[in-house]
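**Student:** For the sequence shown, my numbering assigns the number 16 to the initial residue and increments by one for each residue that follows.
All C-beta atoms in this analysis are idealised placements derived from N, C-alpha and C, irrespective of residue type, glycine included.
Here the structure is a predicted model, which means the values were calculated and not measured.
Have a look at this one.
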Amino acid sequence: MRTYVITGAASGVGKATADMVRANGDKVISVDLHDADVIADLSSKEGREHMVAEVGRLTDGKIDVIVANAGLSINASVTLAVNYFGALATLEGLHPYLAGSDSPRAVITASMASLQPFNQEILDLSLAGDEEAAMKVAEANSDPAGYVNYPTSKRALVRWMREHAISEEWAGAGIPLNAIAPAIILTPMTEPIFADPVQRENMLSKVPMPLNGPAPAEACASAIMFLASEANTHICGQVLFTDGGYEASTRGAGQW
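Rendered as structure tokens:
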């Protein structure tokens, strides 16, 4: 039996992933603000430290999979705190617990928004590890009309993942580190929007998803499950766009 730690496990992609893990007969240590094995606020240093300590206590310091999924999408500085600094604290803090696994894995939930307009100053400060300075700039850019904190947080997360996945700490230790990048996910909040043909067409004109349209959380969870599986032995530092074709539609074939 494998042990998964899943942050943001009380709802959405995190819950769908946790349900799949349990259905396979494996163990989940869920982390969230509520309805979880570990109640922790990943926007704060104290919450992150509590999460790492509690996971260690509940697992005797041995896990097989980290799923750094917790995230926010509002245009506020707390989004950067959770999506980037919280995710890094999860990956780095739980990394030692993977040492006893025969098939350790780590998966991040990024986003197609990592390809959208971002704030270079927030990105640079985040990658430099200066959370205090990055948060100040993020707070100054919290106008909902601008909406840069979310895409910047996800872009920084992907950049960090790409740089570290091939390092001695991760690839050198036999730990595949990868990410999924969803586009629009169907949730109780978004389902009424897509039930209206006019609103659906308007949304998909901005975020084209030619393959099956908006995705249920389970579609993203299935991608996480593969990346976290023992079958995944050589996928390293990759972003798996579980986006219904958004990335291919917007970036085209020019990357190749």
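1) Consider the C-beta atom of I21 and the heavy atoms of the ligand SAM; say whether any pair is separated by less than 6 Å.
2) Provide the residue span of the alpha helix (DSSP H) that contains R72, from first to last.
3) Please classify S92 as buried or exposed, where buried requires at least 16 neighbouring CB atoms within 10 angstroms.
4) Answer yes or no: do V152 and A194 have a C-beta to C-beta separation smaller than 7 Å?
5) Go through its chain and collect everything with a Cβ distance to A125's Cβ below 7 Å, but skip five positions before and after it.
6) Have a look at L219 and G228 and give me their C-alpha separation to the nearest angstrom.
7) For the alpha helix (DSSP H) holding Y165, just list the boundary residues, first then last.
8) Looking at R17 and D41, is the spacing between their C-beta atoms short of 7 Å?
9) Looking at the structure shown, is K42 part of a helix, part of a strand, or coil, going by DSSP?
10) Quick one: using the 10 Å Cβ neighbour count with 16 as the cut-off for buried, is G76 buried or exposed?
11) Alpha carbon to alpha carbon, how far is D79 from E233? Give it in angstroms, no decimals.
12) For Y99, collect the residues of the same chain with a Cβ closer than 6 Å to its Cβ; drop the 5 residues on either side in sequence, then sort them by chain order.
13) What's the gap between the Cα of A128 and the Cα of S244?
14) A188 to L109, Cα distance in whole Å?
15) Please confirm whether V28 and L57 have their CB atoms less than 7 Å apart.
16) What residues in its chain sit with their C-beta under 7 Å from that of A65, if we drop five residues either side in the sequence?
17) Mind checking who L255 pairs with in its DSSP beta bridge?
18) Considering Cα atoms alone, identify which of V53, G101, K30 is closest to N144.
19) Among G259, T257, H249, A238, whose alpha-carbon lies nearest the alpha-carbon of A33?
20) Considering just the uninterrupted stretch of the beta strand (DSSP E) at R120, what are its terminal residues?
21) Is it right to say T257 is buried, meaning 16 or more other beta carbons lie within 10 angstroms of its own, or is it exposed?
22) Report yes if the C-beta distance between A25 and D50 is below 7 Å; otherwise report no.
23) Rounded to a whole number of angstroms, what is the C-alpha to C-alpha distance between E146 and V43?
**Tutor:** Taking the definition as stated:
1) Annotation note on the ligand SAM: not contained in the displayed structure, which lists no ligands.
2) The continuous alpha helix (DSSP H) containing R72 extends over residues 60-74.
3) By the C-beta density criterion, S92 is buried, having at least 16 other C-beta atoms within 10 angstroms.
4) Against a cut-off of 7 Å, the Cβ pair of A194 and V152 comes out as no contact.
5) K169, L172, V173, A194, I195, A196, V254.
6) C-alpha separation (whole angstroms): 8 Å.
7) From DSSP, the alpha helix (DSSP H) with Y165 extends over 164-180.
8) Here D41 is near R17, since their CB atoms are less than 7 Å apart.
9) DSSP places K42 in strand when its eight states are reduced to three.
10) Under this definition G76 is an exposed residue.
11) Those two C-alpha atoms are separated by around 21 Å.
12) S141, S168, A171, L172, listed in sequence order.
13) Taking the straight line joining both Cα atoms gives about 26 Å.
14) So the two alpha carbons sit approximately 14 Å from each other.
15) Between V28 and L57, the C-beta spacing is not below 7 Å.
16) The residue you asked about is not Ala; residue 65 is His in the sequence shown. Closer than 7 Å at the Cβ level, and outside the excluded window around H65, lie A55.
17) Paired residue(s): I195.
18) In the sequence as presented, Asn is not what sits at residue 144; that position holds Gly. The closest CA to that of G144, considering only V53, G101, K30, is found on G101.
19) For the residues G259, T257, H249, A238, the minimum Cα distance to A33 belongs to A238.
20) From DSSP, the beta strand (DSSP E) with R120 extends over 120-124.
21) Around the beta carbon of T257, 16 or more other beta carbons sit within 10 angstroms, so the residue counts as buried.
22) At the C-beta level, A25 and D50 come within 7 Å of one another.
23) In this structure, the alpha-carbon of E146 lies about 30 Å from that of V43.
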